[in-house]
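Asker: According to our numbering, the sequence shown is numbered sequentially starting from 29.
Note that the Cβ used here is the ideal one computed from N, Cα and C, for glycine as well.
Keep in mind it's a predicted model, so treat the numbers as computed, not measured.
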Amino acid sequence: MTRLFFLCLYLLVSSAVFPQFIGFEDRIPESFTGNSGSKLALSSLYYKEGTQSLEWSYKPGATLEVSIEPLRLDKKKEASHGITLWIYNEKSQNDSIRVAFLDKEGEVSYGFAYQLKATGWRACWISFEHMQGGKQSKEIVAYRLIAPKQKGRIFIDRLTFPMKEMNLRTTPDQQMPYNNALSFRDLWHWCRVWQWEQYTYELPLTAQLSEEQRQQLCLIEKRVSEAVDVKKAPKEQVDAAYKLFQTAQISRSGLGFTGAPLVAPDELDRTKGEISWNDLETMLSGFAYDATYNHSIQAQKNYFTVFDYAIDQGFAFGSGMGTNHHYGYQVRKIYTTAWLMRKAIYGRPNRDAILSALCFWAALQETRKPYQYGRDELLDSWHTLLMAKTISALLMPDERERDRALKGLSRWVSTSLNYTPGTLGGIKVDGTTFHHGGFYPAYTTGVFAVLGQFIAFTSGTEYEVSVSGRQALKSAFLAMRNYCNLYEWGIGISGRHPFGGSMNKDDVAAFASLALAGDLSANGDSFDHGLAADYLRLLSDHKTPQSAYFKEQGILPAKAPQGFFVYNYGSAGIFRRANWMVTLKGYNTDVWGAEIYAKDNRYGRYQSYGSVQIFGKGHPVSRDASGFVAQGWDWNRLPGTTTIHLPLALLDSPLRGTTMAKSKENFSGSSALNGANGVFAMKLMERELKNFTSDFVARKSVFCFDNRMICLGSGISNSNTVYPTETTLFQCAYRGGEKPATGRYWLTDGYDNYYHVVEGTVRTQVAEQQSLHEKTRAQTSGVFASAWIDHGQAPKGSSYEYMVLIQPDASQLKRVEEERGYRVLRRDDTAHVVFDETTRITAYAAFEAYQPQGDELLQSLPAEVLVMHQPDKDYIRFSVCDPNLNILEKEYTTKEPSRPIEKTIVLKGGWKVVMPQEQIRVVRRAQQTELTVRLQHGQPIECLLQAF
29 MTRLFFLCLY LLVSSAVFPQ FIGFEDRIPE SFTGNSGSKL ALSSLYYKEG TQSLEWSYKP
89 GATLEVSIEP LRLDKKKEAS HGITLWIYNE KSQNDSIRVA FLDKEGEVSY GFAYQLKATG
149 WRACWISFEH MQGGKQSKEI VAYRLIAPKQ KGRIFIDRLT FPMKEMNLRT TPDQQMPYNN
209 ALSFRDLWHW CRVWQWEQYT YELPLTAQLS EEQRQQLCLI EKRVSEAVDV KKAPKEQVDA
269 AYKLFQTAQI SRSGLGFTGA PLVAPDELDR TKGEISWNDL ETMLSGFAYD ATYNHSIQAQ
329 KNYFTVFDYA IDQGFAFGSG MGTNHHYGYQ VRKIYTTAWL MRKAIYGRPN RDAILSALCF
389 WAALQETRKP YQYGRDELLD SWHTLLMAKT ISALLMPDER ERDRALKGLS RWVSTSLNYT
449 PGTLGGIKVD GTTFHHGGFY PAYTTGVFAV LGQFIAFTSG TEYEVSVSGR QALKSAFLAM
509 RNYCNLYEWG IGISGRHPFG GSMNKDDVAA FASLALAGDL SANGDSFDHG LAADYLRLLS
569 DHKTPQSAYF KEQGILPAKA PQGFFVYNYG SAGIFRRANW MVTLKGYNTD VWGAEIYAKD
629 NRYGRYQSYG SVQIFGKGHP VSRDASGFVA QGWDWNRLPG TTTIHLPLAL LDSPLRGTTM
689 AKSKENFSGS SALNGANGVF AMKLMERELK NFTSDFVARK SVFCFDNRMI CLGSGISNSN
749 TVYPTETTLF QCAYRGGEKP ATGRYWLTDG YDNYYHVVEG TVRTQVAEQQ SLHEKTRAQT
809 SGVFASAWID HGQAPKGSSY EYMVLIQPDA SQLKRVEEER GYRVLRRDDT AHVVFDETTR
869 ITAYAAFEAY QPQGDELLQS LPAEVLVMHQ PDKDYIRFSV CDPNLNILEK EYTTKEPSRP
929 IEKTIVLKGG WKVVMPQEQI RVVRRAQQTE LTVRLQHGQP IECLLQAF
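Structure follows, in structure tokens:
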């Protein structure tokens with residue numbers, strides 16, 4: 029009989045067309061039928077969309093049958109198709125609603141259980157891939173909801189079936205803990221709150237706190253209170269809370285609420301009056317400010333009405349709300365203002381529900397264990413949820429629980445600050461900070477501020493961050509100090525924000541917090557003098573209690589960083605002297621060249637095509653003051669890059685989603701000698717993507733000595749016969765003064781930098797340029813001075829050579845014009861080699877295996893290595909680097925670590941290493957010495973050689 033019923037059903041609906049979204053505003057759909065134990069009705073008591081939901085009252089074992097248009101699944105559709113709905117449950121019970129999907133024979137092929145432990149609205153999103161069942165029959169003709177073992181009712185709304193594009197970041201929760209395998213992927217970071225909820229503390233609960241521990245907890249609470257105190261209720265935020273509250277029309281109904289549906293941004297429809305987490309933050313923070321600072325009784329009442337409503341709507345313990353990815357960015361003020369309201373929260377009858385919701389969404393439960401190796405995207409977690417975790421820990425009513433939670437949190441922070449492997453988010457051994465699988469300063473700002481706050485909160489207590497964690501963080505602080513001038517970084521390392529991003533005052537304050545937490549320089553000082561000096565420099569003329577203290581202790585502001593800094597986790601080098609900075613940037617198999625979204629950084633393809641960008645003007649130094657402005661910017665002409673000059677329509681984002689192209693070449697990055705001078709080199713190749721030229725290749729290098737750069741190119745080739753290939757010397761906003769012109773020895777960019785082209789056809793212009801905004805495509809314009817080397821269309825083996833003097837004086841210009849002061853010893857596809865007469869440095873970028881003819885020191889070099897050497901009294905200072913990170917797995921992100929690489933360099937004659945190093949192995953033969961260097965993390969190895 030059952031089989032006959034489903035066969036008839038199959039025939040009945042085979043030609044029917046059912047809508048994907050099923051609403052319950054006007055009627056109960058005819059496809060919904062209940063058996064004798066079921067009763068269906070429309071209800072306005074609760075709703076999650078519109079103003080009504082479907083009420084299903086049931087007896088034990090009752091069923092709700094839903095007929096559908098036949099759906100045939102395959103492997104692809106199993107992953108992409110599923111069902112989404114929201115369920116309101118009035119009574120907590122240790123039982124479940126079972127959902128079964130049936131084939132035409134009436135057999136269950138797919139199914140899942142939805143737990144009814146929680147009350148209120150909870151999401152039910154699941155793809156067929158993550159359902160249970162035999163999955164043998166791939167044709168679905170109906171689905172059935174099976175009631176639990178006791179009488180009751182639920183309410184159903186926002187039902188979509190089949191959902192043809194399931195959210196890939198569906199979040200498992202208390203209702204369906206097994207739901208989404210992606211959330212258990214060890215690299216993932218969002219959507220894991222329920223998985224972490226299964227963690228248990230390894231730390232014991234202290235039987236009774238000592239008086240010292242109580243005092244330390246009170247001290248931390250005092251510090252947090254000072255940090256979140258805004259002194260006066262911000263009127264704009266208070267007004268916004270009342271306005272939104274009125275619009276949301278939140279009111280009690282039944283055992284819960286009605287009002288504007290609260291949903292995740294991924295399903296938000298503001299045209300229907302729906303709201304999301306940021307609106308929740310607006311109301312809760314605004315009312316908290318009004319209640320705290322203006323002592324408004326109505327604001328306090330509204331605050332708890334909104335919080336109770338939020339819990340009822342799903343912002344609650346054990347709820348994933350369908351998907352909760354990136355929610356941390358939208359809830360931060362919920363936590364800082366909850367701290368302001370803590371006494372009132374403690375007095376509420378549902379105190380535990382509020383506190384458990386805060387703890388759960390803060391992901392404090394992750395910190396019951398140390399940081400788990402391989403967990404990705406730490407910058408997001410630090411930035412958005414570290415303060416939330418801190419406040420959630422401090423809100424625990426039991427002081428013993430507070431003690432354990434803070435210890436667990438401190439341990440988690442300490443271990444998460446350790447250097448992370450591969451391209452995972454976090455801090456790398458060279459101090460770069462990673463997000464989205466790459467070096468990303470724009471995501472680092474704000475992170476330093478929050479980490480600095482936590483260090484300040486816990487400093488001098490048993491909850492403070494470990495020395496090793498603070499050491500790693502210091503390396504990241506120093507790296508940011510080096511690649512920012514004063515607060516801003518170059519376009520090459522800007523990710524998808526080409527003209528945006530900078531250190532902010534809170535990041536600067538973090539330098540002071542880290543300095544005051546203890547000396548990290550092994551000098552035994554009471555605080556870190558180097559970080560304190562950096563803080564004073566970055567603080568500029570501003571005054572703070574910390575600056576006053578440091579000055580009283582005799583600390584003077586640090587000078588601007590000087591030297592050459594190697595950051596090969598970003599295929600980058602930073603060259604600094606005086607008050608200027610040069611950012612050199614490439615990309616390779618492990619480092620993406622640019623982050624391009626469909627609507628962000630559309631034209632950013634060339635950011636890492638060997639860019640050489642000088643920041644050296646302004647008080648403080650900045651992008652804008654150095655001539656780099658977005659209005660009218662020609663996206664083809666970032667200084668130093670070799671590019672095909674395309675119309676912007678062809679340069680636009682090549683993919684509908686994200687483009688983060690990596691090269692197929694390993695060799696791109698920088699090296700240094702004695703931390704003062706350096707070299708950058710890359711094998712440039714373009715990928716095979718829409719409007720790219722896949723056979724576009726070049727060999728590029730930049731040799732950096734004092735304030736001089738020698739820029740070389742060879743083997744520049746491609747088949748693009750329509751658009752010219754160029755190497756840009758400079759493109760800067762023209763603000764008057766001397767204009768660049770061909771026929772002169774020196775070209776000037778108008779910012780006191782001078783360029784001399786030894787080889788290449790030079791073009792210059794000062795013109796008003798028309799361009800497009802990188803997000804909106806809106807027309808922009810601006811007047812720019814530009815100079816470039818024209819390689820023509822479809823060049824074959826083209827090359828160039830030019831020199832840059834950075835802010836020279838008149839005597840240096842004259843002297844160099846008479847005698848360039850360097851010699852190019854080789855420039856071809858095998859190697860670029862330069863000897864600098866002033867520093868006596870010889871630098872080599874060996875693209876292929878190389879046996880230099882007539883070299884006094886080197887017999888041979890292996891392929892893809894950077895070598896520099898310089899006489900140093902009776903020795904030779906010698907450095908070797910392979911910038912290749914040598915990561916095995918070439919994925920968007922990977923926890924596979926950088927693997928060691930050995931390079932053997934053959935020296936003429938007999939040599940020994942003055943101070944033996946485990947990374948260097950010396951083998952002496954008849955007339956030569958083999959130097960085998962073990963390299964890792966793209967870092968140079970340096971030694972002193974002595975002849976014997």
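Could you give the first and the last residue of the continuous beta strand (DSSP E) run that contains Leu717?
Answerer: Run containing Leu717: none; DSSP gives neither H nor E here.
Asker: What are the complete alpha helix (DSSP H) segments, minimum 4 residues, inside the segment 512 to 600?
Answerer: Runs found: 533 to 544, 557 to 567, 573 to 580.
Asker: If you run the structure through DSSP and keep just helix, strand and coil, what is Ser155?
Answerer: Ser155 falls in the strand class under three-state DSSP.
Asker: Which residue from Asn607, Ser554, Asp307 puts its Cα closest to that of Gln581?
Answerer: Comparing Cα positions, the closest option is Ser554.
Asker: For Ile588, which residues in the same chain have their Cβ closer than 6 Å to its Cβ, ignoring the five residues on either side in sequence?
Answerer: Per the sequence presented here, residue 588 reads as Ala, with Ile not at that position. Correct list, in chain order: Asn607.
Asker: Within a Cβ cutoff of 7 Å, which residues of the same chain sit near Arg949, ignoring the five residues on either side of it in sequence?
Answerer: For Arg949, where only same-chain residues beyond five positions count, the Cβ hits under 7 Å are Thr960.
Asker: With 16 other CB atoms within 10 Å as the buried threshold, where does Gln277 fall?
Answerer: Classification for Gln277: exposed.
Asker: Give the secondary structure of Tyr270 by DSSP, where H, G and I count as helix, E and B as strand, and everything else as coil.
Answerer: DSSP places Tyr270 in helix when its eight states are reduced to three.
Asker: Exposed or buried, which one is Tyr637 when buried takes at least 16 other CB atoms within 10 Å?
Answerer: With 16 or more Cβ atoms within 10 Å of its Cβ, Tyr637 is classed as buried.
Asker: Between the C-alpha atoms of Ser313 and Ala269, what's the straight-line distance to the nearest angstrom?
Answerer: Cα to Cα, Ser313 sits roughly 8 Å from Ala269.
Asker: Let me know the secondary structure DSSP gives Ser120 once reduced to three states.
Answerer: The answer is coil: DSSP assigns Ser120 none of H, G, I, E or B.
Asker: Tell me Glu930's beta-bridge partners as DSSP assigns them.
Answerer: Beta-bridge pairing links Glu930 to Arg962.
Asker: Tell me where the beta strand (DSSP E) around Trp84 begins and ends.
Answerer: Residues 81 to 86.
Asker: Please classify Ala538 as buried or exposed, where buried requires at least 16 other C-beta atoms within 10 Å of its C-beta.
Answerer: The residue is buried, with at least 16 neighbouring Cβ atoms inside 10 Å.
Asker: Rounding to the nearest angstrom, what Cα-Cα distance links Gly459 and Phe285 in this structure?
Answerer: About 50 Å.
Asker: Going residue by residue through the segment 237 to 314, where are the continuous beta strand (DSSP E) segments of at least 3 residues, counting only ones entirely within it?
Answerer: Those beta strand (DSSP E) runs which fall completely within the segment 237 to 314 and span 3+ residues are 279 to 281, 284 to 286.
Asker: Evaluate the contact criterion for the segment 320 to 331 versus the segment 362 to 379: three or more CB pairs, one atom per stretch, below 8 Å.
Answerer: Yes, since at least three Cβ pairs between the segment 320 to 331 and the segment 362 to 379 fall closer than 8 Å, the two stretches touch.
Asker: So within the segment 827 to 864, which uninterrupted alpha helix (DSSP H) runs reach at least 4 residues, ignoring any that extend past its ends?
Answerer: If we require 4 residues or more, the alpha helix (DSSP H) runs fully inside the segment 827 to 864 come out as 838 to 846.
Asker: On the premise that Tyr595 lies in contact with Ser691, defined as a C-beta separation below 8 Å, what is that separation, rounded to the nearest angstrom?
Answerer: At roughly 17 Å, the Cβ-Cβ gap does not stay under 8 Å, so Ser691 and Tyr595 are not in contact.
Asker: Going by DSSP, name the residue or residues bridged to Ser814.
Answerer: Per DSSP, Gln759, Gln793.
Asker: Quick one: Cα of Gln945 to Cα of Lys901, how far?
Answerer: Cα to Cα, the separation comes out at about 21 Å.
Asker: Looking at C-alpha atoms only, which residue of Gly356, Met415, Arg791, Pro928 is the closest neighbour of Asp818?
Answerer: Asp818 has its Cα closest to that of Arg791, out of Gly356, Met415, Arg791, Pro928.
Asker: What did DSSP end up calling Arg197 once you bin it into helix, strand or coil?
Answerer: DSSP places Arg197 in coil when its eight states are reduced to three.
Asker: With distances taken Cα to Cα, identify the nearest neighbour of Lys87 among Thr686, Leu548, Arg633, Asn63.
Answerer: The residue with the shortest Cα to Cα distance from Lys87 is Asn63.
Asker: Who are Leu70's beta bridge partners in DSSP?
Answerer: Looking at the DSSP assignment, Leu70 forms a beta bridge with Leu82.
Asker: Should Asp618 go down as buried or exposed, given a rule of 16 or more other Cβ atoms within 10 Å for buried?
Answerer: Burial call: buried.
Asker: For Gly966, count neighbouring Cβ atoms within 10 angstroms of its own Cβ and tell me buried if that reaches 16, exposed if not.
Answerer: So Gly966 ends up on the buried side.
Asker: Indicate whether Val475 and Leu407 have their beta-carbon atoms separated by less than 8 Å.
Answerer: Yes, these two residues count as a Cβ contact at 8 Å.
Asker: Out of Arg280, Gly741, Thr395, Ile96, point me to the one whose CA is closest to Thr669's CA.
Answerer: Taking only the C-alpha atoms, the option nearest Thr669 is Gly741.
Asker: Skipping 5 residues on each side, what residues in its chain have a beta carbon closer than 6 Å to that of Ser281?
Answerer: The answer, listed in chain order, is Leu73.
Asker: Please classify Tyr634: does DSSP put it in a helix, a strand, or coil?
Answerer: Coil at Tyr634, not helix or strand.
Asker: Report the option in Ala69, Gln759, Gly882 whose CA atom is closest to the CA atom of Val13.
Answerer: With the chain covering 29 to 976 only, the question about residue 13 has no answer from this structure.
Asker: Quick one: give me the first and last residue of the beta strand (DSSP E) that Asn781 is part of.
Answerer: That run of the beta strand (DSSP E) goes 781 to 787.
Asker: Taking 7 Å as the limit between beta carbons, can you name the residues of its chain near Ser698, skipping five residues before and five after?
Answerer: Here the set comprises Val594, Asn596, Ala600, Gly601, Leu612, Gly706, Val707, Phe708, Pro911.
Asker: With H, G and I counted as helix, E and B as strand and the rest as coil, what does DSSP make of Val941?
Answerer: Val941: strand per DSSP, three-state reduction.
Asker: When burial is assigned at 16 or more other CB atoms within 10 Å of the CB, is Thr957 buried or exposed?
Answerer: So Thr957 counts as buried.
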